[in-house]
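Line by line, the protein sequences give chains B and U.
So the first sequence is numbered by the UniProt record's numbering: it starts at 1 and just counts up by one.
So the second sequence is numbered by the UniProt record's numbering: it starts at 1 and just counts up by one.
Every residue, glycine too, gets a C-beta built ideally from N, C-alpha and C.
Keep in mind the model is a prediction, meaning the values are calculated, not measured.
Okay, structure first, notes after.
2 protein chains.
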Amino acid sequence: MNISEFAKEAGVSVSAVSRYFNDGYLSDDKRALIEAAIERTGYVPSYSARTVRSKVTKLVGVILPKLSSESIARITEDIGEVLGEEGFELLLVNTSNDYNREISSLELFRQNRVDGVILLAGVITDLHRSLLAKMRVPTIIVGQKLKGFNCVCHNDLGAAYNMTKLMLDKGAKRPAFIGANPEDMAAGKDRRIGFEKAVLDAGLTLDPKFCEIARFSMDSGYEKAKHLFSGREKPDCLFCATDNIAAGAMLYCRENGIRIPEDLMISAVGDSRFDKVLYVSLSSVHLHYKTAGREGANMLLAEMKKTSEVHRIVQLEYDIIERESTNRIG
Amino acid sequence: MNISEFAKEAGVSVSAVSRYFNDGYLSDDKRALIEAAIERTGYVPSYSARTVRSKVTKLVGVILPKLSSESIARITEDIGEVLGEEGFELLLVNTSNDYNREISSLELFRQNRVDGVILLAGVITDLHRSLLAKMRVPTIIVGQKLKGFNCVCHNDLGAAYNMTKLMLDKGAKRPAFIGANPEDMAAGKDRRIGFEKAVLDAGLTLDPKFCEIARFSMDSGYEKAKHLFSGREKPDCLFCATDNIAAGAMLYCRENGIRIPEDLMISAVGDSRFDKVLYVSLSSVHLHYKTAGREGANMLLAEMKKTSEVHRIVQLEYDIIERESTNRIG
Numbered sequence: 001m002n003i004s005e006f007a008k009e010a011g012v013s014v015s016a017v018s019r020y021f022n023d024g025y026l027s028d029d030k031r032a033l034i035e036a037a038i039e040r041t042g043y044v045p046s047y048s049a050r051t052v053r054s055k056v057t058k059l060v061g062v063i064l065p066k067l068s069s070e071s072i073a074r075i076t077e078d079i080g081e082v083l084g085e086e087g088f089e090l091l092l093v094n095t096s097n098d099y100n101r102e103i104s105s106l107e108l109f110r111q112n113r114v115d116g117v118i119l120l121a122g123v124i125t126d127l128h129r130s131l132l133a134k135m136r137v138p139t140i141i142v143g144q145k146l147k148g149f150n151c152v153c154h155n156d157l158g159a160a161y162n163m164t165k166l167m168l169d170k171g172a173k174r175p176a177f178i179g180a181n182p183e184d185m186a187a188g189k190d191r192r193i194g195f196e197k198a199v200l201d202a203g204l205t206l207d208p209k210f211c212e213i214a215r216f217s218m219d220s221g222y223e224k225a226k227h228l229f230s231g232r233e234k235p236d237c238l239f240c241a242t243d244n245i246a247a248g249a250m251l252y253c254r255e256n257g258i259r260i261p262e263d264l265m266i267s268a269v270g271d272s273r274f275d276k277v278l279y280v281s282l283s284s285v286h287l288h289y290k291t292a293g294r295e296g297a298n299m300l301l302a303e304m305k306k307t308s309e310v311h312r313i314v315q316l317e318y319d320i321i322e323r324e325s326t327n328r329i330g
Numbered sequence: 001m002n003i004s005e006f007a008k009e010a011g012v013s014v015s016a017v018s019r020y021f022n023d024g025y026l027s028d029d030k031r032a033l034i035e036a037a038i039e040r041t042g043y044v045p046s047y048s049a050r051t052v053r054s055k056v057t058k059l060v061g062v063i064l065p066k067l068s069s070e071s072i073a074r075i076t077e078d079i080g081e082v083l084g085e086e087g088f089e090l091l092l093v094n095t096s097n098d099y100n101r102e103i104s105s106l107e108l109f110r111q112n113r114v115d116g117v118i119l120l121a122g123v124i125t126d127l128h129r130s131l132l133a134k135m136r137v138p139t140i141i142v143g144q145k146l147k148g149f150n151c152v153c154h155n156d157l158g159a160a161y162n163m164t165k166l167m168l169d170k171g172a173k174r175p176a177f178i179g180a181n182p183e184d185m186a187a188g189k190d191r192r193i194g195f196e197k198a199v200l201d202a203g204l205t206l207d208p209k210f211c212e213i214a215r216f217s218m219d220s221g222y223e224k225a226k227h228l229f230s231g232r233e234k235p236d237c238l239f240c241a242t243d244n245i246a247a248g249a250m251l252y253c254r255e256n257g258i259r260i261p262e263d264l265m266i267s268a269v270g271d272s273r274f275d276k277v278l279y280v281s282l283s284s285v286h287l288h289y290k291t292a293g294r295e296g297a298n299m300l301l302a303e304m305k306k307t308s309e310v311h312r313i314v315q316l317e318y319d320i321i322e323r324e325s326t327n328r329i330g
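Structure representation (structure tokens):
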């Protein structure tokens with residue numbers, strides 16, 4: 001049953017049916033007629049029926065670096081909420097942090113299948129830059145700063161600096177770090193710079209054997225913690241680039257009798273829901289992921305409506321959340 | 001630069017370029033010519049160039065009930081792996097457990113945008129059934145049993161029965177349950193039936209005030225645990241439909257001095273990575289999510305190739321993982 005047949009069945013015009021499914025204005029009488037006809041026929045509007053009014057496809061592509069991440073989910077859910085209110089649906093692709101899949105996803109969305117794109121970005125290569133410059137639809141970057149584009153990002157450096165400083169202020173002398181890929185400017189490089197700056201500002205030296213690079217997973221955090229503790233000298237505090245990495249490091253500590261926070265203070269970035277239920281509750285930096293999602297979605301809407309030609313980079317601040325894992329009296 | 005221009009630049013045929021990007025056979029000489037031309041031009045194959053060989057769009061739509069779920073991520077990553085080997089990309093939509101969005105996503109994918117659909121299903125309504133029957137492309141259901149369709153599901157009933165039985169065998173007498181929406185036949189209804197059967201088989205009675213229904217979230221688990229413990233009589237064991245619900249219930253226990261497992265044994269379904277790092281490690285049922293993803297993807301490939309006209313329902317078994325949260329000596 002197409003929209004015309006259904007309109008006939010309901011005894012209303014096609015445009016009334018379209019307004020009904022697009023939440024447009026409709027008299028109560030017509031609304032009742034349409035609802036009765038839906039009851040009778042089980043009619044489901046086709047995608048095209050729902051876009052009769054606006055004549056646009058109403059799809060936004062969102063490129064995600066991974067699926068099993070609370071931060072990614074928070075950002076994406078708020079993007080969906082803001083864009084949903086404007087009648088857009090999201091098409092997501094998951095790249096599993098693989099550059100090639102990111103590139104092919106950008107390419108896929110560039111072929112006019114969607115009206116806009118939001119890239120939840122990790123590593124940005126030259127190939128990304130050249131493809132992004134060629135996008136035919138408005139494109140917003142969330143999570144990284146990239147000149148010449150509309151971006152929403154976090155103050156990763158400040159977050160890492162102050163979370164590390166908190167542990168050093170409590171008397172830690174042998175700070176260690178498990179970071180992410182340094183080609184990822186936000187979660188990798190900036191969080192590392194923040195850590196290093198806090199260590200140097202505290203008058204301590206950076207010990208290269210106390211610096212590890214992990215993948216974004218608990219398993220990788222576990223492996224890197226094992227390596228950190230394999231040497232003769234042991235760290236007394238550990239800053240991790242993400243909560244998942246920290247959870248893996250904590251599992252290693254639990255299995256090997258390393259007491260938190262007595263032997264090792266530990267902290268991270270993300271403020272995941274599970275932080276409070278870990279065997280020692282985890283101190284972590286709250287980044288405003290939901291706000292980032294809303295901000296990115298609103299930027300995209302503005303770019304679609306061409307309300308401004310000026311690109312902007314919005315950097316969101318953060319909150320330090322102290323819990324038991326850093327609760328040591330100096 | 002399109003594929004013809006690039007082929008000319010590289011000094012090879014269009015079909016050689018296509019074979020290159022589709023991992024087809026290619027002589028070393030031609031491969032070297034193409035790679036040199038990529039270096040020179042920064043050429044990125046367009047989506048159509050990559051599909052010249054097969055003449056199909058090579059997209060599969062996957063409908064997800066939520067994003068921040070480890071089980072969903074595990075299933076989806078393995079679907080992506082199997083289909084990726086066959087040259088398919090996944091387009092995902094997240095419905096946030098909203099039936100209307102599930103319906104509109106099915107409708108979206110029905111409009112010939114994709115070559116196949118995998119629905120990670122929760123509640124199946126009559127509207128789902130009628131839309132699923134009208135799909136023009138092969139469609140596989142993962143997570144639920146639905147007659148007349150190819151499905152991959154778990155033994156939810158057996159999983160819940162045996163996880164509950166384990167706690168009752170250790171002497172629990174006042175079993176409680178925090179379940180999911182009973183309209184969700186797998187995670188909601190079957191897990192509840194399994195719990196109830198175990199209670200009755202142990203010669204105990206079901207206490208309606210010890211049965212709660214939560215949403216699929218930690219926050220909801222916390223609220224329902226609060227309600228469970230608000231009465232005069234307290235449960236001594238608790239089976240939760242998911243690890244997230246259990247983590248929320250555990251947070252309530254931690255904040256309110258309810259000792260696990262001494263005062264309350266607790267267990268769930270999912271075997272999430274974080275179970276081992278919770279403040280009391282959580283006993284949980286391991287469902288074979290990765291296998292379910294692979295199986296679903298292979299079913300879809302088989303249906304695309306029309307190797308069989310017979311629909312099948314594959315039910316996967318489970319493993320009980322005992323940890324500290326149920327470690328009470330009777």
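Since residue i sits in a beta bridge, which residues does DSSP pair it with?
i                  : result
Ile-266 of chain B : B:Leu-238
Leu-26 of chain U  : Paired residues: none, contrary to the question.
Asp-319 of chain U : U:His-286
Gly-63 of chain U  : Reading the sequence as shown, one finds Ile at residue 63 of chain U and not Gly. Looking at the DSSP assignment, Ile-63 of chain U forms a beta bridge with U:Val-93, U:Leu-119.
Report the option in the options whose CA atom is closest to the CA atom of residue i.
i                  : options                                    : result
Tyr-252 of chain B : B:Gly-296, B:Tyr-43, B:Ser-230             : B:Ser-230
His-286 of chain B : B:Ala-160, B:Met-265, B:Lys-58             : B:Ala-160
Lys-290 of chain B : B:Val-269, B:Ile-75, B:Gly-148             : B:Ile-75
Ile-258 of chain U : U:Val-123, U:Lys-306, U:Tyr-279, U:Lys-134 : U:Tyr-279
Ala-32 of chain U  : U:Gly-42, U:Pro-45, U:Tyr-43, U:Val-12     : U:Val-12
Leu-316 of chain U : U:Asp-169, U:Thr-307, U:Phe-274, U:Leu-157 : U:Leu-157
Ser-217 of chain B : B:Glu-223, B:Ile-72, B:Ile-245             : B:Ile-245
Leu-92 of chain U  : B:Leu-67, B:Phe-149, B:Gly-116, B:Leu-206  : B:Leu-67
Arg-192 of chain U : U:Phe-239, U:Ser-272, U:Ile-313, U:Glu-77  : U:Phe-239
Gly-179 of chain B : B:Leu-83, B:Val-269, B:Lys-147, B:Phe-6    : B:Val-269
Glu-303 of chain B : B:Lys-145, B:Arg-136, B:Pro-65, B:Ala-73   : B:Arg-136
Asp-78 of chain B  : B:Glu-35, B:Arg-312, B:Asn-298             : B:Asn-298
Asn-162 of chain B : B:Ile-72, B:Phe-21, B:Ala-241, B:Leu-90    : B:Ala-241
Phe-88 of chain U  : U:Thr-95, U:Glu-70, U:Gly-80               : U:Gly-80
Gly-122 of chain B : B:Gly-171, B:Arg-273, B:Arg-113, B:Asp-190 : B:Asp-190
Ala-249 of chain B : B:Lys-226, B:Arg-215, B:Asp-271            : B:Lys-226
Asp-98 of chain B  : B:Asn-327, B:Glu-183, B:Ala-247            : B:Glu-183
Phe-210 of chain U : U:Lys-173, U:Ala-187, U:Ala-186            : U:Lys-173
Thr-164 of chain B : B:Gln-144, B:Ala-37, B:Ala-202             : B:Ala-202
Run down chain B in chain order and give the residues with a C-beta less than 7 Å from the C-beta of residue i.
i                  : result
Asn-2 of chain U   : Correct list: empty, because the minimum Cβ distance to chain B is about 12 Å.
Glu-70 of chain U  : Ser-68
Met-218 of chain U : Arg-273
My guess is that residue i and residue j are in contact by the Cβ rule of under 8 Å, so how many angstroms apart are they, rounded?
i                  : j                  : result
Glu-102 of chain U : His-128 of chain U : 7 Å
Asp-236 of chain U : Leu-204 of chain U : Actually they do not touch by this definition, with Cβ atoms about 11 Å apart.
Glu-322 of chain B : Ser-283 of chain B : 5 Å
Leu-108 of chain B : Val-142 of chain B : Leu-108 of chain B to Val-142 of chain B, Cβ: 18 Å. No contact.
Ser-281 of chain U : Glu-212 of chain U : Contact flag wrong, Cβ pair sits at about 23 Å.
His-311 of chain B : Phe-149 of chain B : 6 Å
Leu-300 of chain B : Val-60 of chain B  : 7 Å
Asn-181 of chain B : Gly-171 of chain B : Not quite, the Cβ-Cβ distance comes to about 31 Å (not below 8 Å), so this is no contact.
Val-152 of chain U : Pro-175 of chain U : Contact flag wrong, Cβ pair sits at about 30 Å.
Taking residue i as the query, report the chain U residues whose CB atoms sit under 7 Å from its CB, ordered along the chain.
i                  : result
Met-250 of chain B : Val-277
Phe-274 of chain B : Ala-247, Phe-274
For a contact meaning CB atoms closer than 9 Å, what does residue i contact in chain B?
i                      : result
Val-93 of chain U      : Glu-89, Leu-90, Leu-91, Leu-92
residue 333 of chain U : For chain U, the structure presents residues 1 to 330; residue 333 of chain U sits outside this window and is missing.
Please find out if some non-hydrogen atom of the ligand COA comes closer than 7 Å to the beta-carbon of residue i.
i                  : result
Arg-259 of chain U : The ligand COA is not part of the structure shown, which contains no ligands of any sort.
Name, please, each residue of chain U whose Cβ falls closer than 9 Å to the Cβ of residue i.
i                  : result
Ile-103 of chain B : Val-44
Ser-130 of chain B : Gly-42, Val-44
Whose Cβ in chain B lies nearer than 8 Å to the Cβ of residue i?
i                  : result
Thr-76 of chain U  : Leu-67, Asn-94
Leu-127 of chain U : Gly-42, Val-44
Name the chain U residues whose beta carbon is nearer than 8 Å to that of residue i?
i                 : result
Gly-80 of chain B : Asn-94, Ser-96
In chain order, each alpha helix (DSSP H) run of at least 4 residues that lies wholly inside the region 166-244 of chain U: 191-201, 218-228
Within the region 87-159 of chain B, ranges of the beta strand (DSSP E) (whole runs, at least 3 residues): 89-94, 116-120, 139-142, 150-154
Which runs of the beta strand (DSSP E) fall wholly inside the region 254-314 of chain B and span at least 3 residues, in chain order? 265-269, 283-287
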